[in-house]
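In the working numbering, the protein residues as written are 1 to 149.
We put the CB at the ideal spot given by N, CA and C, even for glycine.
It should be emphasised that the depicted structure is a prediction, and the values quoted were computed from it without experimental measurement.
The structure under discussion appears below in the form of structure tokens.
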């Protein structure tokens, strides 16, 4: 580690292992630059549009799902949930118990693809791989869902 601050180094090691303590939070609060009385909300711009970086894919999925549900509630809409259709050796899996088990697997066991994908109109979508380059559907392409009906 490059840090010479032993207390901060211990904080980083606990944070890395998910073992943070209240003293870590208090130490981080002493390093905030700006107005300490500022009440910024993650529900207000620009924070509600800021990217969130996470270490675990399961946390990313939970954050994304929560964002979709919050957006749907604010718009007074019901989200549509797309359920994945899994195949094994080219055949649809029709055993209900096996399908349920596969749907409940964490993203890191399913090539980082969730079993359920909630959608709501207006939601931004980002492609992370080429799907149909001839149609312009390539890695990095973004658009907003216009309808879920």
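Checklist entry - Taking the DSSP output, what are the residues bridged to residue 92? => result According to the DSSP secondary-structure assignment, residue 92 is paired through a beta bridge with 87.
Item to check | the segment 108 to 120 in contact with the segment 78 to 90 per 3-pair CB rule at 8 Å | outcome: The segment 108 to 120 vs the segment 78 to 90: in contact.
Checklist entry - Under a Cβ-count criterion, where at least 16 other Cβ atoms within 10 Å of its own Cβ denotes burial, should residue 180 be classed as buried or exposed? => result Residue 180 cannot be examined here, being either before or after the span of the chain that is shown, 1 to 149.
Checklist entry - residue 14 and residue 24 look like a contact to me (Cβ under 8 Å); what is the Cβ gap, rounded to whole Å? => result About 6 Å separates the CB atoms of residue 14 and residue 24; that is less than 8 Å, so the two are in contact.
Next on the checklist: Less than 8 Å between the C-beta atoms of residue 120 and residue 50, yes or no?
Outcome noted: No, the pair does not count as a contact, with Cβ atoms beyond the cut-off.
Checklist entry - Using the C-alpha atoms, what's the distance from residue 91 back to residue 46? => result Looking at the two C-alpha atoms, the distance is approximately 46 Å.
Checklist entry - What is the DSSP secondary structure of residue 125, counted as helix, strand or coil? => result The DSSP-derived three-state label of residue 125 is strand.
Next on the checklist: I'd like to confirm the pairing. Which residues does DSSP put opposite residue 82 in its beta bridges?
Outcome noted: Per DSSP, 117.
Checklist entry - How would you label residue 133, buried or exposed, when you count the other beta carbons within 10 angstroms and need 16 or more for buried? => result Residue 133 counts as exposed, since fewer than 16 other beta carbons sit within 10 angstroms of its beta carbon.
Item to check | Sufficient close CB pairs (3 or more, under 8 Å) joining the segment 139 to 146 to the segment 92 to 109 | outcome: Flag = no, the segment 139 to 146 and the segment 92 to 109 do not touch.
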